[in-house]
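Residue numbers (my numbering), protein chains in the order written: chain A, 1161 to 1271; chain F, 550 to 663. Quick notes on the structure that follows.
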């Protein structure tokens, strides 16, 4: 099993550009989430999904969009990148009542 | 909403010494509690979890944690530190029944001195 796969691993953007961070899981998990990790702040929840077609906002949703058209995929979209969105992004998935499985992260720099 | 406070952003111990990483939580319903470890440039790996039942939970790599409801705490311990334990550790809480997702503490970086 591949687990949770995130692409790309590294990305540099210019302010105002858009991009999509990809996340796929092969464990048939209902729940998927996106977090950002910043020094001294732990992981903060951006958006999450409790099943295909259902998404909800987390702690820091502004500037990000998500969709969940399939169980496997949960892409995160930055519509107009800002320097404040420079961070490491983690995707995670879990089954009901189970802990999170994390991907290896995407390191994003916005210039 | 649930939240987690980790006391001490950096902890330094000598090899062979006791490791104690502190975590306090806030939750309006009975919580599920977790400890994760992150090695440099990697994702988070589950160390242990508390859901229901026994309040002393044993995890991987010799770590354990005790759920104390009266103190709203879930501290992580290991009797004897090893150099390979150097990493960042995150405590997390979840309220499964509310469809809210997992919330993390700010993390504690553990350094192990030879």
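Note that CB positions come from ideal geometry on N, CA and C, so glycine has one too.
Residues that residue i contacts on chain A, provided the C-beta gap is smaller than 7 Å
i, result
"residue 591 (chain F)", "1264"
"residue 651 (chain F)", "1260"
"residue 598 (chain F)", "1259"
Through-space distance from residue j to residue i, alpha-carbon basis
i, j, result
"residue 601 (chain F)", "residue 1240 (chain A)", "43 Å"
"residue 1197 (chain A)", "residue 585 (chain F)", "14 Å"
"residue 573 (chain F)", "residue 624 (chain F)", "8 Å"
"residue 632 (chain F)", "residue 590 (chain F)", "18 Å"
"residue 1271 (chain A)", "residue 614 (chain F)", "42 Å"
"residue 1267 (chain A)", "residue 559 (chain F)", "23 Å"
"residue 1221 (chain A)", "residue 619 (chain F)", "33 Å"
"residue 1205 (chain A)", "residue 627 (chain F)", "29 Å"
"residue 550 (chain F)", "residue 1168 (chain A)", "32 Å"
"residue 635 (chain F)", "residue 568 (chain F)", "11 Å"
"residue 1174 (chain A)", "residue 1238 (chain A)", "12 Å"
Cβ distance (whole Å) where residue i is taken to contact residue j below 8 Å
i, j, result
"residue 599 (chain F)", "residue 612 (chain F)", "That belief does not hold up - the Cβ atoms of residue 599 (chain F) and residue 612 (chain F) are roughly 13 Å apart, past 8 Å."
"residue 661 (chain F)", "residue 630 (chain F)", "5 Å"
Chain F contact residues for residue i, given Cβ-Cβ distances below 7 Å
i, result
"residue 1201 (chain A)", "655"
Boundaries (first-last residue) of the beta strand (DSSP E) holding residue i
i, result
"residue 654 (chain F)", "No beta strand (DSSP E) holds residue 654 (chain F); DSSP gives it neither H nor E."
"residue 1271 (chain A)", "No beta strand (DSSP E) contains residue 1271 (chain A), which DSSP labels as neither H nor E."
Neighbouring residues, chain F, relative to residue i (Cβ below 9 Å)
i, result
"residue 1181 (chain A)", "The contacting residues do not exist; residue 1181 (chain A) stays about 14 Å from chain F at best."
"residue 1236 (chain A)", "In chain order: nothing, as chain F lies at least about 14 Å away."
Under the three-state DSSP convention, the category residue i falls into
i, result
"residue 1186 (chain A)", "coil"
"residue 590 (chain F)", "coil"
"residue 1240 (chain A)", "coil"
"residue 552 (chain F)", "strand"
"residue 627 (chain F)", "strand"
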